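K.L.:
Each protein sequence line maps, in turn, to chains A and B. Under numbering that gives the first Met the number 0, the first sequence has 7 at position 8, and the numbering climbs by one with no breaks. Under numbering that gives the first Met the number 0, the second sequence has 163 at position 164, and the numbering climbs by one with no breaks. By construction, the Cβ of each residue, glycine as well, lies at the ideal position given by its N, Cα and C atoms. From a predicted model like this one, the values you see are computed outputs, not experimental measurements.
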Amino acid sequence: MPLVSPELCELVLAEALLTGGEFAEIYAEDRNNASAVLDDHRVEELSSGRSRGAGIRVVSAETTGFAHTADLSEAGLLAAARAASAVASSSRGASKGIALSGTVDLPEATPSVDRAKVVEMLQRVDEHARSQGSAITQSQVGVADGYRRFIVANSDGLLASDHQTRTRFNVTCIATGDTGMQTGYETIARTEGYEILSDEAVSAVAKEAARRALVKLDARPAPSGELAVVLAGGSGGILFHEACGHGLEADHIVKDTSVYAGKVGQRVASELVTLVDDGTVAGEWGHFAIDDEGMPAARNVLIENGILTDYMWDGLRARRAGRRSSGNGRRQSYQHLPMVRMTNTYLLAGNATAEEIIADTDYGVYVAKLGGGQVNTATGDFVFGTSEAYLIEHGRITAPLRDANLIGNGPEILQRIDAVANDFAMTPGTCGKDGQSVPVGCGQATLRLTGVTIGGTAS
Amino acid sequence: MSDLLNLAEQTLSLARSDEQAEVYVSRGTETEVRVYGGEVEHLVSASSSGVGIRVVLPTSDGFRTGFAWAGSLEAGVVAETFEAARQNAAFATPDPDGALPASDGHPRATMPPPSDSFARTPTERKIALAKALEAAVRSGDPRIRQVDSADYADGWGESAIASTAGIRAYDEDAGSFISVSAVAGEAEDTQTGSGYSVARSFDELDLEASAKDAIERSTRMLGARKIDSQTTTVVFDPRVTASLLAIISSALSGEAIVKGRSMFADRLGERVAVEGFSLVDDPTNPLAYGSSAVDGEGLACRPTTLMSDGVLSAFVFDTLSGRRASMPSTGSALRGYSSTPGPGCQAVSLLGGQLEPEAILATVGKGLYVHSISGVHSGVSTISGDFSVGAEGLVIRDGALAEPVREITVASTLQRMLLAITAIGNDLTYLPGMATGQTMAVAEIAISGN
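(1) Leaving aside the five residues before and after B/R260 along the sequence, list all residues of the same chain whose C-beta is less than 7 angstroms from its C-beta, in chain order.
(2) Let me know the secondary structure DSSP gives B/T64 once reduced to three states.
(3) Leaving out the 5 sequence neighbours to the left and right, which residues in its chain are closer than 7 angstroms to B/T412 when beta-carbon positions are compared?
(4) Whether or not the segment 41-60 of chain B and the segment 23-38 of chain A are in contact is what I'm after, with contact meaning three or more pairs of Cβ atoms, one per stretch, closer than 8 angstroms; do they touch?
(5) Note down the Cα distance separating B/A346 from B/P302, rounded to an integer number of angstroms.
(6) What do you reckon, are the CB atoms on A/A353 and A/D417 nearer than 9 angstroms?
(7) Report the rounded CA-to-CA distance for A/C172 versus B/T92, giving the unit in angstroms.
(8) For the segment 168-192 of chain B, enumerate the residues whose C-beta is nearer than 7 angstroms to any C-beta of chain A, in chain order.
(9) Quick check on the burial criterion: 16 or more other C-beta atoms within 10 angstroms. Buried or exposed for B/K365?
(10) Can you name the residues that DSSP bridges to A/P438?
(11) Find the nearest neighbour of B/D2 within the set B/D170, B/V375, B/L206, B/V310, judged by alpha-carbon distance.
(12) Looking at the unbroken beta strand (DSSP E) that takes in A/H162, where does it start and where does it end?
(13) Please report the distance separating the alpha-carbon of B/T109 from that of B/S25.
(14) Taking C-alpha atoms, which residue in A/G282, A/K206, A/T136, A/V263 lies nearest to B/K258?
(15) How would you label B/P237, buried or exposed, when you count the other beta carbons within 10 angstroms and need 16 or more for buried?
(16) Just to confirm the assignment: which complete alpha helix (DSSP H) runs, minimum length 4, are found wholly within the segment 56-91 of chain A?
(17) Which same chain residues, not among the five before or five after B/L430, have their C-beta less than 6 angstroms away from its C-beta?
(18) Looking at the structure shown, is B/Y247 part of a helix, part of a strand, or coil, going by DSSP?
(19) Going along the chain, which residues of its own chain have a beta-carbon closer than 6 angstroms to the beta-carbon of B/L13, five neighbours each way excluded?
(20) Say whether chain B places a C-beta atom closer than 9 angstroms to the C-beta of A/K254.
(21) So, A/S46 versus B/N5, is the Cβ gap smaller than 9 angstroms?
(22) Below 7 angstroms between beta carbons is the criterion; list the residues of the segment 168-188 of chain A that meet it against any residue of chain B, in chain order.
(23) What does a CB cutoff of less than 7 angstroms around B/V315 pick up in its chain, not counting 5 residues either side in sequence?
(24) I'd like to know whether the C-beta atoms of B/E18 and B/I166 end up nearer to each other than 9 angstroms.
(25) In three-state terms, what does DSSP make of B/I166?
(26) Under 7 angstroms, CB to CB, which of the residues in the segment 353-383 of chain B have a partner in chain E?
(27) Please compile the residues from chain A whose C-beta is within a distance smaller than 8 angstroms of the C-beta of B/R405.
(28) Give the residues from the segment 33-47 of chain A that approach chain B closer than 9 angstroms (Cβ to any Cβ), ordered along the chain.
(29) To the nearest angstrom, how far is the alpha carbon of B/E157 from that of B/D308?
(30) Which runs of the beta strand (DSSP E) fall wholly inside the segment 355-416 of chain A and span at least 3 residues, in chain order?
(31) Taking only runs that begin and end inside the segment 223-300 of chain A, name each unbroken beta strand (DSSP E) of 3 or more residues, in chain order.
(32) Measure the alpha-carbon distance for B/A84 versus B/A67 and round it to whole angstroms.
(33) Are A/S59 and A/A98 close, meaning C-beta to C-beta below 9 angstroms?
(34) With a threshold of 9 angstroms between beta-carbons, can B/L42 be considered close to chain A, or not?
(35) Based on Cα-Cα distance, which residue from A/D361, A/S34, A/Q443 lies nearest to A/F168?
(36) Let me know the secondary structure DSSP gives A/Y193 once reduced to three states.
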């Protein structure tokens, strides 16, 4: 059974347009979340959550009205439609009939996970992590899965539905030594079910998290100043997500608050850079069949051989620009307005090998794993943090470094990519924008930046 | 008030005789207006509600806890949620400390009732305020090139907790904020700055101060450049100090302490900061925006002195982390309906700042004034204490603010920074979030630039 019948969607959309709005949309979803955390030797908490409701928006000229409700009855939805349409109340519209085309195909049952097996797995992984070294003093193992079914219908006649399962597993270890404590974190996150968590896969995550914490016990302070930086393949393509991804989102472009506004067709990066945002990559963390406005996921080339080819668009910005959405309209939940968001954003691989790039670097920093990042789209200045990094001396990876942020300017950094290898890999992440979080993927092969400012304390 | 607490209380009847249960219910409404180019970009009017239930099963080895939540207060959904929590409990590790919290008899502070001014103010006035804020920034300086957004938001919420351990609590809160983000430009140069105001009643929102802040912060950055790498004294503006205090406070959470995940574990009674550094968490201070009378477990909120004259004096605990540390709860449980309680600070302030901000600059003489930091999540660890963040601000020369600086990082360790504080300002400002802001000077910080 659909969450809201197509007939009721038609009724609600007609109600939403009564005050003169030009466009109305109903998005209804049902989410089931479950999580389990083993922390400090105990399975402290198994949690399950349910969230169900609808968000209704009405667009009238430059204004969007939005209301949401957990009440999916006819009365509840009509009340939300009236609240959302209040923004257009200055002009009195005529009653319009809405005829939806499309089908709703949603499974009834929620996938279930055997909790006893989950708990047993968490305990096994915790032991494995702790067995990696006597300096491992704490471990936390967490698993979470989310299942979401949604339908979206709008006054253009669109009716679409989709369902997604996401599974995330992570291990955080603390190692304690003479110089204090260090942390190591590793995760697997896929738009797939619990079957991704094979024994081999979860054991590898535990080993990696523990290794990362242990290695940093011997870390020295990171250098400061501008240095060459080699990012390992799959270390976290967050560089591109922050350095240019956000700046290529059409909401920043139409407001002229991005350094990339008005630059389509211009060179914005080294010719080694071909950047793609691609919601179609099956299984990746930012994957979906249709976006949260009902548009099919797409592979969009943003930068081709260094030339800016296009921005990312959601329905609202595309509508105003007289073009088609690029399938980048996403929202955190039914309680949030959709906006332009990335999906899986990656740099295409090059021809060099990682070994060649390292050997060719006389002095610099090798980043094996990146943490998070942040950008100011108007200035292009961005930061991203390391969570495992080493010094490169005379073409060899040497001493481990303590965590630090790197800072750069997007348009400048993109020109400074002088080598890209062939060892492409993706990593999952969570992207926050304007108070909303969505799952995204990032990908890149080993690459070198000729100069980035490293925020360490050593001179 | 009573119907929400009644709902929580009635739900307890679902508990079997061999179970403990705690029911947390909340609901709220919010209005959000964003203005762009003199028009309403969006208007959100929303109400939401939810329930979070802990079911605890006593066993011979301890207590098994299960949790479930739902974004609805419908009777059927609440009953399903109770059953889900019960099923989850069966799989948890028994914990000798895991019994549900009981009241500790600490008296509840009397707080002013939440303002009804948001409900009384028509939406048109809220829209007009956001429009006026945008207009004030656009017309406030010829170098303002764009106003990215001007927002108004208000919210009202209430929550109730009832448990089989005898907890009965109800709380209600309301607040609002305005914020504006400006883009200044001159020739090819573009810089940004934001301003905001938070208030517990509509008429206290300060449009002029917000607009002035956004204009000043963006325009004074025009011409900003990277400076040379150096080690120097950094003066943090109140907003940045508030972020630093929030980070430091998070390392004082009893959960981080008992799990060995804090740089302050095992350091109680030791000197961790300079003399004169006294840090207090006081959720009962009605001026703090994080204030409240009861915590997420229904215990009365109360002040806790975290550091006294540079000596680490206390951590904040909820019931569970307190039991593990053999300490009482400090009434510091934080939660929403979709999560179980965990300890944390709510309203942290530095006591005893004496100096005018100008006097601090004069004393420092030469250094860097930082008014914005970035990358806090990726560059600061309260476990190792490593601190490395992106920064923007102004050079301090001859005891006064000089040219603007961008694209640099400031780095040290949190441990060293606390021992290198050279001045604390008297300009205490209540800000959104968990900490107040004050000007603060810290010596020996590594700046990475050219």
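P.N.:
To lay it out plainly:
(1) I382
(2) strand
(3) G384, D385, F386
(4) The segment 23-38 of chain A is not in contact with the segment 41-60 of chain B.
(5) Here the alpha carbons of B/P302 and B/A346 stand approximately 9 angstroms from one another.
(6) Between A/A353 and A/D417, the gap from beta carbon to beta carbon reaches 9 angstroms or more.
(7) 20 angstroms
(8) V182, T189, Q190, T191
(9) The residue is exposed, with fewer than 16 neighbouring Cβ atoms inside 10 Å.
(10) A/T429
(11) B/D170
(12) 158-176
(13) 21 angstroms
(14) Comparing Cα positions, the closest option is A/T136.
(15) Counting other Cβ atoms within 10 Å of its Cβ, B/P237 reaches 16 or more and is therefore classed as buried.
(16) 73-84
(17) A241, G436
(18) Note on residue identity: the sequence assigns Ile, not Tyr, to residue 247 of chain B. In this structure, B/I247 counts as helix in the three-state DSSP scheme.
(19) F81
(20) yes
(21) no
(22) So the list reads I173, G179, M180, Q181, T182, given in the order they occur along the chain.
(23) Residues L251, S252, G253, D280, T303, T329, S331, P342, G343, C344 of the same chain have their beta carbon placed closer than 7 angstroms to that of B/V315, with the five preceding and five following residues left out of the count.
(24) Contact: no.
(25) coil
(26) No chain E is part of this structure, whose protein chains are labelled A and B.
(27) T378, D380
(28) A33, A35, L37, D38, D39, H40, R41, V42, E43, E44, L45, S46, S47
(29) A straight line joining the alpha-carbon of B/E157 with that of B/D308 spans about 37 angstroms.
(30) 362-374, 380-392, 395-400, 404-408
(31) Runs found: 223-230, 274-277.
(32) 5 angstroms
(33) no
(34) yes
(35) A/S34
(36) helix
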